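Undergrad: Questions regarding the structure given below will be posed in turn.
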Amino acid sequence: MSRDISEHRKNLLDALVLAGRENSNAAVMFHTAVAAHLGLGASEEKTLDLLQRHGPLTAGEIVKLTGLAPASVTGLLDRLEAKWFVRRVRDPRDRRRVIVELNAEMLSGGDEIFEPLVSGLAELYAGYTDEQLELILDFLSRATAIQVEATSKIS
1 MSRDISEHRK NLLDALVLAG RENSNAAVMF HTAVAAHLGL GASEEKTLDL LQRHGPLTAG
61 EIVKLTGLAP ASVTGLLDRL EAKWFVRRVR DPRDRRRVIV ELNAEMLSGG DEIFEPLVSG
121 LAELYAGYTD EQLELILDFL SRATAIQVEA TSKIS
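Everything in the sequence shown is counted per UniProt numbering, starting at 1 for the first residue and increasing by one.
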């Protein structure tokens, strides 16, 4: 078997790199627009997403989930707290530990911003079999882990 990759595979890999870059650009631009609508920076908006999905987190947990440096997360949380989007509270079980909680009141009415994206993706997903969705989910999960790791090497 030849060690060289076929022309077809090379073209597929090139197309995949390009599609990934285009998807990344679209995601960054969408979340930049959402963030601007909320008066936030993109990393602030995405941190709020983490808190919505995971519930209250410590700064250290946010560092692990984002790959950002601890000092960057501290500044990020300071900005979100100053804008009233989050609050830092002592953990009732361990008073030495500080937990970051989402101020859900600040995000009320925000669901309509995401509705066109959510409904469009639901329509897209409907065209795939369960097996195809499992493959897509595996790819996205593994690609995300690689990206978080790469982020941590920059921060």
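Here a beta-carbon is modelled for each residue, glycine too, at the ideal position from N, C-alpha and C.
All figures in this text were calculated on a predicted structure; none of them were measured in a lab.
Thinking VAL63 and ALA42 are a contact (beta carbons under 8 Å), I'd like their distance in whole angstroms, please.
TA: Reading the sequence shown from its first residue, position 63 is the one you call residue 63. Reading the sequence shown from its first residue, position 42 is the one you call residue 42. Contact between VAL63 and ALA42 fails: their C-beta atoms lie close to 17 Å from each other, not under 8 Å.
Undergrad: Report the residue from GLN132, ALA143, LEU80 whose alpha carbon sits nearest the alpha carbon of ALA35.
TA: As a working note, residue 35 is residue 35 in the sequence shown. Residue LEU80 is the option with its Cα nearest to ALA35.
Undergrad: Quick check: what's the CA-CA separation for ALA143 versus THR32?
TA: By 1-based counting over the sequence shown, the position of residue 143 is 143. By 1-based counting over the sequence shown, the position of residue 32 is 32. For ALA143 and THR32, the distance between alpha carbons rounds to 21 Å.
Undergrad: Within 10 Å of its beta-carbon, does LEU117 have 16 or more other beta-carbons around it, so buried, or fewer, so exposed?
TA: For the purposes of this step, residue 117 is identified with residue 117 of the sequence shown, where counting begins at 1. Answer is exposed; the Cβ neighbour count stays below 16.
Undergrad: With which residues is VAL100 paired in a DSSP beta bridge?
TA: For this step, residue 100 is matched to residue 100 along the sequence shown. Answer is LEU57, ARG88.
Undergrad: Considering LYS83, what are the terminal residues of the alpha helix (DSSP H) in which it resides?
TA: The residue labelled residue 83 in the question sits at position 83 within the sequence shown. Note, LYS83: premise wrong, no alpha helix (DSSP H); not H, not E.
Undergrad: What does the alpha-carbon distance come out to for the pair PRO92 and THR47?
TA: The residue given as residue 92 occupies position 92 in the sequence shown. The residue given as residue 47 occupies position 47 in the sequence shown. Going by the C-alpha atoms only, they are around 23 Å apart.
Undergrad: Please list, in chain order, all residues of the same chain as MET106 whose beta carbon is under 7 Å from its beta carbon, the five residues on each side excluded.
TA: Position 106 of the sequence shown holds residue 106. The answer, listed in chain order, is TRP84, PHE85.
Undergrad: With H, G and I counted as helix, E and B as strand and the rest as coil, what does DSSP make of LEU68?
TA: Here the question's residue 68 lines up with position 68 in the sequence shown. Correct three-state label for LEU68: coil.
Undergrad: To which residues of the same chain is GLU101 closer than 7 Å at the C-beta, ignoring the five residues directly before and after it?
TA: As a first step, residue 101 is located in the sequence shown; it is residue number 101 there, counting from the start. Same-chain partners within the cutoff: PRO56, VAL86, ARG87, VAL89.
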